[in-house]
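Q: Quick one: structure below, then a few questions.
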Amino acid sequence: MPLDKDTRQLVDSLNSHLDDLNSQFVGRRAMLELILLGLIMNEHVLLIGPPGTGKSAAVQSMAAGLKVKSFEYLIGRFTEPSELFGGLDLNALKDGRVEPVTKNMLPEAEIAFLDEIFLGSTAILNSLLKILNERTYQRGQFSMKAPLLSCVAASNHLPDDPLLSAFADRFLLTMFVNPIGEDQLGDLLTVGWQQFTNPGRASKPLAKATLTKLHKASLKVDLSQVNAPYAHIMRKLRLLGVPLSDRKIVKGQKAIAAAALLAGRQVAGPEDLWPVTFLVQDPARQSEASEILQNEFKETHNPVLTESAAEATYGATAHATYLATRGEKLIAAKPALSTDPAQEIWLVRLETLMTQIDAAFDADDLPQSLRLLRASLNSHLDGSESAAIDIQPQTDEATAKVSPKPSPWVTK
Amino acid sequence: MAWRRTDRIQMPGALFVKAPEIDPAHYIGLLQNKSIFFAELPVAQGLDWLVVFGAGSKDDALLLPHIPGATPIYQALPDCWFPVGTALDMPETVQVSYVSASLEQHNLTRLEVVIIPEFGDENTAHNIDVYAIRDQVMLGDILAEGPAL
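Residue numbers (the working numbering), protein chains in the order written: chain A, 262 to 673; chain B, 4 to 152.
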């Protein structure tokens, strides 16, 4: 069942906001998508990765692009609780009351980014635990409701300490962030330089109401069709020894519901099970989960959360969705006039996409969405060389016809 | 040591064209006249092969022509290109060291290479062809007659 018009508009605005944010980064869309998913679910996200991989920058951009109160802090071994939760109110103390000044501090934040979270002291983590779990900040007799939508935490690595691991389990989604690939270094330098030369580039802020409405809408998503497959996946993961707490399994449904909503579905289906991968809080186990669940994830489809869905599943179906979504956007961006100088580069981009589609699928295996897209590309490129020659399977013939060599390393 | 087939989910960054299945010279002429953007693509050529590299590496900004029958390749390791849908069948942590050591044995250090495994009908391959890229030029700077085939 499709979404109502209002919700559809909210999803569309969220999608364009995501595109806008993504243009400020290289290879970080999946991370941005997961942070946004966390905000819609009102759940917390843990980013694990080496320093300098854009974790802080992504959260800062996300916070700057939202009309919400944000709080950011780099935690160290000697960080005092007051640095996060506010110092004591001396006037209140004179009256015999122990109250912190929480203005602009974590207890009043709607989105929080805590770097090096596992370096926090027991006092910090205990107070934080209550905010994360119960949205309540308590200090002695003082207690207040915390309006926190989502906390995004970062660390270089997962803790070995079982107590800290239990704390880490409060973060529903975990993403392992790696440095970008060698092939993207050129783009990283270009985009990085643009940040120096044009630092004021900011996207139009997204209203808090949009997040709130989407959160409420996600709680109305019908999960009845995914209950059985979700339980099956959980049994499969537990049988393989993947540790997943009951709490996480229950809350995981929120991720499925939010993914379905952003995909434009009021009823969640097998296309929306992929966020399960990010429930697994171990890098090796996470990639193992995406592999062993290939069959369960084969119908994955999400036109908004394209990169995180692809990262969660790594499958051909997700890749097809990614290409189809790119194609739709590209065709929609057609210059109005054929005399427009942008027309030529647009046609070249269409041809590039055609190459990418043919690289991924043989003509016989082309998914329906890409079949239509490819036909559309062909019609736009009509008259060009690409359109004139029909699709051919990716050739292994060239290699197969080469006679075997005695050594595997034959220089040409 | 083996190469294995994978899902073809890697984004191609270049196209490998080999005679006699495809005539590289034909495509050089065709692409040169097709768009000024294609004329600026880097290419490398050997006796009977041609690699057309995409311009720009970000997926949504990459420019790559459509050459039916060409083998799409992706940069799997630094300076090392594999066909889309193939990977080294060994842990990722040792792949760079293995390929570096193997290239060194054949005096191919500090060169970019295209590795084409010979799969035949199997899903794994033990034999490969290596094409060493010594020079890259702009496609527009090559004479339309193309490489000597």
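Ideal Cβ placement from N, Cα and C applies to all residues, glycine included.
Only a predicted model underlies this, so the values are computations on that prediction, with no experimental measurement involved.
Is the stretch 496 to 506 of chain A in contact with the stretch 450 to 461 of chain A, if contact means three or more CB pairs nearer than 8 Å?
A: Touching, no, given that fewer than three Cβ pairs across the two stretches are closer than 8 Å.
Q: Grab me the residues of isoleucine 145 of chain B's own chain with a C-beta within less than 6 Å of its C-beta, minus the 5 sequence neighbours each way, in chain order.
A: Same-chain partners within the cutoff: Ile31.
Q: So what does DSSP say about alanine 620 of chain A, is it helix, strand or coil?
A: Note: alanine 620 of chain A maps to helix in three-state DSSP.
Q: What does the Cβ neighbour count give for serine 277 of chain A, buried or exposed, with the cut at 16 atoms within 10 Å?
A: Exposed, by the Cβ-count rule.
Q: I need the straight-line Cα distance from leucine 409 of chain A to arginine 269 of chain A, nearest angstrom please.
A: Taking the straight line from one Cα to the other gives about 25 Å.
Q: If you run the structure through DSSP and keep just helix, strand and coil, what is methionine 78 of chain B?
A: Looking at the sequence itself, residue 78 of chain B is glutamine, so the reference to methionine does not match. Strand.
Q: On the three-state DSSP scale, how would you describe proline 564 of chain A?
A: It is coil, neither helix nor strand.
Q: For the stretch 29 to 43 of chain B, which residues have a beta carbon sitting closer than 8 Å to at least one beta carbon of chain A?
A: Going along the stretch 29 to 43 of chain B in chain order, one finds Leu33, Lys37, Ser38, Ile39, Phe40, Phe41 with a Cβ nearer than 8 Å to chain A.
Q: Helix, strand or coil: which one does DSSP assign to arginine 431 of chain A?
A: In this structure, arginine 431 of chain A counts as coil in the three-state DSSP scheme.
Q: Mind checking which residues open and close the beta strand (DSSP E) that includes lysine 406 of chain A?
A: Per DSSP, lysine 406 of chain A belongs to the beta strand (DSSP E) from 403 to 406.
Q: Work out the CA separation of proline 45 of chain B and valine 140 of chain B for me, nearest whole Å.
A: Cα to Cα, the separation comes out at about 5 Å.
Q: Can you have a look at glutamate 568 of chain A and say buried or exposed, based on whether 16 or more other CB atoms are within 10 angstroms of its CB?
A: Buried is the call here.
Q: Going along the chain, which residues of its own chain have a beta-carbon closer than 7 Å to the beta-carbon of serine 647 of chain A, five neighbours each way excluded?
A: With a pLDDT of 42 at serine 647 of chain A, under the threshold of 50, the modelled position of that residue is not reliable, and the figure given next carries that caveat. So the list reads Glu612, Met615, once near-sequence residues are dropped.
Q: Pick out whichever of A/Gly288, A/Leu335, A/Trp607, A/Leu522 has its Cα sitting closest to the Cα of threonine 314 of chain A.
A: Comparing Cα positions, the closest option is A/Gly288.
Q: For phenylalanine 40 of chain B versus isoleucine 606 of chain A, is the C-beta spacing smaller than 9 Å?
A: Yes; because the gap between Cβ atoms is below 9 Å, this pair is in contact.
Q: Reducing DSSP to helix, strand and coil, say where glutamine 270 of chain A ends up.
A: Glutamine 270 of chain A falls in the helix class under three-state DSSP.
Q: Excluding the 5 residues preceding and the 5 following leucine 271 of chain A in the sequence, name in chain order all residues of the same chain whose CB lies nearer than 7 Å to its CB.
A: Taken in chain order, the residues that qualify are Thr471, Lys474, Leu475.
Q: Give the DSSP-derived three-state secondary structure of glutamine 399 of chain A in the structure shown.
A: Glutamine 399 of chain A: strand per DSSP, three-state reduction.
Q: Taking C-alpha atoms, which residue in A/Ile309, A/Leu345, A/Pro564 lies nearest to glutamate 333 of chain A?
A: Among A/Ile309, A/Leu345, A/Pro564, the Cα nearest to that of glutamate 333 of chain A is on A/Leu345.
Q: Rounding to the nearest angstrom, what Cα-Cα distance links tyrosine 77 of chain B and aspartate 92 of chain B in this structure?
A: Rounded to whole angstroms, tyrosine 77 of chain B to aspartate 92 of chain B spans 16 Å at the Cα level.
Q: Of the choices A/Ser506, A/Gln527, A/Asp626, A/Thr363, whose alpha-carbon is the least far from that of aspartate 265 of chain A?
A: Comparing Cα positions, the closest option is A/Gln527.
Q: Which residues in chain A sit within 7 Å of methionine 14 of chain B, going by Cβ to Cβ distance?
A: The contacting residues are Gln617.
Q: Contact criterion: CB-CB distance below 9 Å. Does arginine 113 of chain B meet it with respect to chain A?
A: False, the Cβ-Cβ gap to chain A never drops below 9 Å.
Q: Quick check: the Cα distance between isoleucine 301 of chain A and glycine 588 of chain A, rounded to an integer number of angstroms?
A: Roughly 27 Å between the two C-alpha positions.
Q: Express the C-alpha separation of isoleucine 517 of chain A and proline 263 of chain A in angstroms, rounding to a whole number.
A: Proline 263 of chain A and isoleucine 517 of chain A: Cα-Cα distance of roughly 16 Å.
Q: Would alanine 28 of chain B and glutamate 43 of chain B be called neighbours here (beta carbons separated by less than 9 Å)?
A: No, Cβ-Cβ distance for alanine 28 of chain B and glutamate 43 of chain B is not below 9 Å.
Q: Rounded to whole angstroms, what's the CA-CA distance from asparagine 394 of chain A to threonine 340 of chain A? Just pull it up for me.
A: Near 22 Å, if we compare the C-alpha coordinates of threonine 340 of chain A and asparagine 394 of chain A.
Q: If distances are taken between C-alpha atoms only, which option among A/Leu351, A/His562, A/Ala407 comes closest to proline 368 of chain A?
A: When each option's Cα is compared against that of proline 368 of chain A, the closest is A/Ala407.
Q: Going by CA-CA distance only, name the one from A/Ser485, A/Asn365, A/Asp281, A/Leu389 that's closest to leucine 700 of chain A.
A: Within the shown structure, residues of chain A are numbered from 262 to 673, placing residue 700 of chain A beyond reach of any answer.
Q: Starting from arginine 8 of chain B and walking both ways along the beta strand (DSSP E), at which residues does that stretch end?
A: Looking at the DSSP string, the run of the beta strand (DSSP E) that includes arginine 8 of chain B is 6 to 8.
Q: State the start and end residues of the unbroken beta strand (DSSP E) segment that holds serine 331 of chain A.
A: First-last of the beta strand (DSSP E) with serine 331 of chain A: 331 to 335.
Q: In the structure shown, what three-state DSSP assignment does phenylalanine 157 of chain B receive?
A: Within the shown structure, residues of chain B are numbered from 4 to 152, placing residue 157 of chain B beyond reach of any answer.
Q: How about glutamate 612 of chain A: is its C-beta nearer than 9 Å to some C-beta of chain B?
A: It does; some Cβ of chain B falls within 9 Å.
Q: Do you know whose CA, among A/Val541, A/Leu633, A/Leu450, lies nearest alanine 581 of chain A's CA?
A: Checked all of A/Val541, A/Leu633, A/Leu450; the closest Cα to alanine 581 of chain A is A/Leu633.
Q: Using the DSSP secondary-structure output, state which residues sit across from valine 528 of chain A in a beta bridge.
A: In DSSP, valine 528 of chain A forms a bridge with A/Asp483.
Q: I need the straight-line Cα distance from proline 536 of chain A to leucine 298 of chain A, nearest angstrom please.
A: If you take the alpha carbons of proline 536 of chain A and leucine 298 of chain A, they lie about 10 Å apart.
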